[in-house]
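Single-structure report; data block below.
Protein chains in written order, with the numbering used here: chain A, 127 to 241; chain B, 1037 to 1150.
Take a look at the structure:
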């Protein structure tokens, strides 16, 4: 069975510092997609970054990068130069193959950026 | 980018009544939409996959007779919570599947049953 695990319920980071949010996954399928979403208090789900299981390089999008370690089945999100607006819930998600594109979400990590 | 809307953004209803939530893809056609439920400080739980022109596929443990899903067009899916009870109070989020199997999320609907 596929599963996504985020072991950090809450994280604090100082403004302008970098922070890593952990995500591990479990699947026996060789083909899958990994996503990170940000959910501010307003509730909207904001797509941050995507990593395909066959992608050779780690994905990057601006201040966001995904540290993909396939053998360890981890897909940690790194946010560089944290900003106060980065305070939000962050969800890691996996898209298994052949299931119509549905996503399996982790428990989430609440990030608080301190000024 | 692709835009998905939900209506209403929040609703309060009395116990025993039904409430309908709409999910629309505004600038693309979506043969597949997804409905999620989220309790405070918790993750998104997939309730069902809505397929245009066919019956929805419900996840295990989700009552299909309580959460009615209709996907009558390529841009609209509706979720009707029938005979709502206070325990149905939650944040309901829909998403629409794009051509590359990416998901575009709506802004969510906050349901409160009194």
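Glycine included, C-beta positions come from ideal geometry on N, C-alpha and C.
Look at the Cβ atom of residue 984 of chain B, then the Cβ atom of residue 1069 of chain B, and state whether they are nearer than 8 Å.
The question about residue 984 of chain B has no answer, for chain B in this structure spans 1037 to 1150.
Local Cβ density within 10 Å of residue 1124 of chain B, reported as buried at 16 or more and exposed below that:
By the neighbour-count rule (16 or more Cβ atoms within 10 Å), residue 1124 of chain B is buried.
Can at least three beta-carbon pairs, one atom from the segment 141-150 of chain A and one from the segment 168-175 of chain A, be found at a separation below 8 Å?
no
Is there a Cβ of chain A sitting closer than 8 Å to that of residue 1110 of chain B, yes or no?
no
Would the segment 1057-1065 of chain B count as touching the segment 152-167 of chain A if we require 3 or more Cβ pairs under 8 Å?
No, the segment 1057-1065 of chain B is not in contact with the segment 152-167 of chain A.
Quick check: the Cα distance between residue 1055 of chain B and residue 1048 of chain B, rounded to an integer number of angstroms?
9 Å
Which of helix, strand or coil DSSP assigns to residue 1101 of chain B
coil
Compare the Cα-Cα distances from residue 232 of chain A to each of B:1038, B:1081, B:1046, B:1042 and report the closest residue.
Looking at the Cα atoms, B:1081 is the closest of the given residues.
Considering just the uninterrupted stretch of the beta strand (DSSP E) at residue 1073 of chain B, what are its terminal residues?
1068-1074
Chain A beta carbons: is any one of them nearer than 8 Å to that of residue 1129 of chain B?
yes
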